[in-house]
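Just below is one structure, and these are the notes that go with it.
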Amino acid sequence: MLRVNTVETFATQDGPGIRVAIFLQGCMFKCLYCHNPDTIPMENEEAKRMDEEQILDLAERNRPYFANGGGITFSGGEPLLQAPALLPIVKRLKAEGYHICIDTNGFVRTPEALEVIALSDLILPDLKQINPKKHLLLVGQENTNTLATLEYLEKLQKPYWLRYVLVPGLTDDEEDLHQYGKYVQTLKSMERLEILPYHNLGKEKRKKLGWEYPLEGTPAATAQDVHRALDILRNYTDKTYSRL
Numbered sequence: 026m027l028r029v030n031t032v033e034t035f036a037t038q039d040g041p042g043i044r045v046a047i048f049l050q051g052c053m054f055k056c057l058y059c060h061n062p063d064t065i066p067m068e069n070e071e072a073k074r075m076d077e078e079q080i081l082d083l084a085e086r087n088r089p090y091f092a093n094g095g096g097i098t099f100s101g102g103e104p105l106l107q108a109p110a111l112l113p114i115v116k117r118l119k120a121e122g123y124h125i126c127i128d129t130n131g132f133v134r135t136p137e138a139l140e141v142i143a144l145s146d147l148i149l150p151d152l153k154q155i156n157p158k159k160h161l162l163l164v165g166q167e168n169t170n171t172l173a174t175l176e177y178l179e180k181l182q183k184p185y186w187l188r189y190v191l192v193p194g195l196t197d198d199e200e201d202l203h204q205y206g207k208y209v210q211t212l213k214s215m216e217r218l219e220i221l222p223y224h225n226l227g228k229e230k231r232k233k234l235g236w237e238y239p240l241e242g243t244p245a246a247t248a249q250d251v252h253r254a255l256d257i258l259r260n261y262t263d264k265t266y267s268r269l
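Put into structure tokens, the structure is as follows:
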């Protein structure tokens, strides 16, 4: 049984094609810029429970829209926190021919989590900062596990789209971007490096939860900010991507 925060049909930002994005409850990261802070607690009274048959029924009802490479994306929160319950569902979906994406921060490395990754078609990992101290400040955890998961993806030769949120003053330092570029230059299975501009859409959600917004006063990343980062990263890879 999965703890599900929300389900989005006709999703176009969570992998290729038109998808059903299932946002699971719970995350061990406390990202300062999180735009879904209600998914962080392991329990949420508004979260619903969905079993394998309900997930399969949801997938089947939306199958006609998956013709152009779409499918099912499990996001969060951190979906691999629920890997023991998620694994049999992914196995069943794969047996039924669905394309599966996992949107993950790469922190959970249990046997079940690694098997979910191995079974899935495309992984959407975040490496939020290459600098370990800044990563700890940004999310409350070091980046060691995320780097190990990226190494695992490389070992599997598993396709993945790496994402990087550009936050003014936190992840836009020129030296950090060069170090990030040098790292991604070594990655062979990465199909895309997507730069996502920071926005403050999580601010109101945090207020509703009674939480302070830690980036009060931090401006949204502009198109100019994003293109500056892209210019740096293109010295190291031709797989950069942005929707701007």
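Using the working numbering, the first residue of the sequence shown is number 26, and each one after it goes up by one. Glycine included, every Cβ here is placed at the ideal spot set by N, Cα and C.
**Q.** Three-state secondary structure (DSSP) of threonine 211
**A.** The sequence position of residue 211 within the sequence shown is 186, counting from 1. Here threonine 211 sits in coil by DSSP.
(Q) Quick check on DSSP: helix, strand or coil for threonine 171? (A) Along the sequence shown, one-based indexing puts residue 171 at 146. Three-state DSSP puts threonine 171 in a helix.
**Q.** Close Cβ partners of serine 267 (< 7 Å) along its chain, the five nearest in sequence each way excluded
**A.** As a first step, residue 267 must be located in the sequence shown, where it is residue number 242. Within the same chain, serine 267 has close Cβ partners Glu219, Ile220, Val251 and Leu255.
Q) Which residue's Cα is closest to the Cα of leucine 269: Lys233, Asp263, Tyr223 and Tyr261? A) If you number the sequence shown from 1, residue 269 lands on position 244. It is Tyr223 whose Cα lies nearest to the Cα of leucine 269.
Q) Given glutamate 167, which residues of its chain have a CB within under 7 Å of its CB, disregarding the five upstream and five downstream residues? A) Residue mapping note: residue 167 aligns to position 142 of the sequence shown, counting from 1. So the qualifying residues of the chain are Pro157, His160 and Leu161.
Q | Cα-Cα separation between glutamine 107 and leucine 27, rounded to whole angstroms | A | Within the sequence shown, residue 107 is the residue found at index 82, counting from 1. Within the sequence shown, residue 27 is the residue found at index 2, counting from 1. About 7 Å.
(Q) Measuring straight from C-alpha to C-alpha, what distance separates alanine 173 and threonine 135? (A) Against the sequence shown, residue 173 aligns to sequence position 148. Against the sequence shown, residue 135 aligns to sequence position 110. So the two alpha carbons sit approximately 12 Å from each other.
Q. Whole alpha helix (DSSP H) runs in the region 192-265 with 4 or more residues, listed along the chain?
A. 199-209, 228-234 and 248-258
Q.
Taking its Cβ as the centre, do 16 or more other Cβ atoms sit within 10 Å of lysine 73, making it buried, or is it exposed?
A. Indexing the sequence shown from 1 puts residue 73 at position 48. Exposed.
Q: Select from Ala248, Arg259 and Thr243 the residue whose C-alpha is nearest the C-alpha of tyrosine 58.
A: Locating residue 58 in the sequence shown gives position 33, counting from the first residue. Tyrosine 58 has its Cα closest to that of Thr243, out of Ala248, Arg259 and Thr243.
Q.
Short of 8 Å in beta carbon distance, which residues of its chain neighbour valine 29, apart from the five on each side in sequence? Order them along the chain.
A. Counting from one through the sequence shown, the residue named residue 29 turns up at place 4. Excluding positions up to five away in sequence, the list reads Ile47, Phe48, Leu49, Gln50, Ala72, Lys73, Arg74 and Met75.
Q | Limits of the beta strand (DSSP E) - the one that lysine 73 falls within | A | Within the sequence shown, numbered from 1, the residue matching residue 73 stands at position 48. Per DSSP, lysine 73 belongs to the beta strand (DSSP E) from 73-75.
Q: Alpha carbon to alpha carbon, how far is isoleucine 155 from leucine 195? Give it in angstroms, no decimals.
A: Your numbering for residue 195 matches position 170 in the sequence shown. Your numbering for residue 155 matches position 130 in the sequence shown. Approximately 11 Å, taken between the alpha carbons.
Q. Under 9 Å between C-beta atoms, does leucine 162 make it to chain B?
A. No chain B is present in this structure, which holds just one protein chain.
Q. When the Cα atoms are used, what is the spatial distance from glycine 42 to valine 164?
A. Residue numbering aside, residue 42 sits at position 17 when the sequence shown is read from its first letter. Residue numbering aside, residue 164 sits at position 139 when the sequence shown is read from its first letter. Approximately 30 Å, taken between the alpha carbons.
Q: Apply the 10 Å Cβ neighbour rule to alanine 36 and answer buried if 16 or more other Cβ atoms are within range, or exposed otherwise.
A: Counted from its first residue, the sequence shown places residue 36 at position 11. Buried.
Q: Mark threonine 211 as exposed unless 16 or more other C-beta atoms lie within 10 angstroms of its C-beta, in which case mark it buried.
A: Walking along the sequence shown from the start, residue 211 turns up at place 186. Its Cβ having fewer than 16 others within 10 Å, threonine 211 is exposed.
**Q.** Option in Thr34, Glu68, Thr262 and Pro66 with minimal Cα separation from histidine 203
**A.** Numbered from 1 along the sequence shown, position 178 holds the residue referred to as residue 203. Ranking Thr34, Glu68, Thr262 and Pro66 by Cα distance to histidine 203 puts Thr262 first.
Q: Tell me alanine 110's beta-bridge partners as DSSP assigns them.
A: Residue numbering aside, residue 110 sits at position 85 when the sequence shown is read from its first letter. Alanine 110 is not bridged to any residue.
Q.
Buried or exposed, going by whether 16 or more other CB atoms sit within 10 Å of the CB of glutamate 103?
A. Reading the sequence shown from its first residue, position 78 is the one you call residue 103. With 16 or more other Cβ atoms within 10 Å, it is buried.
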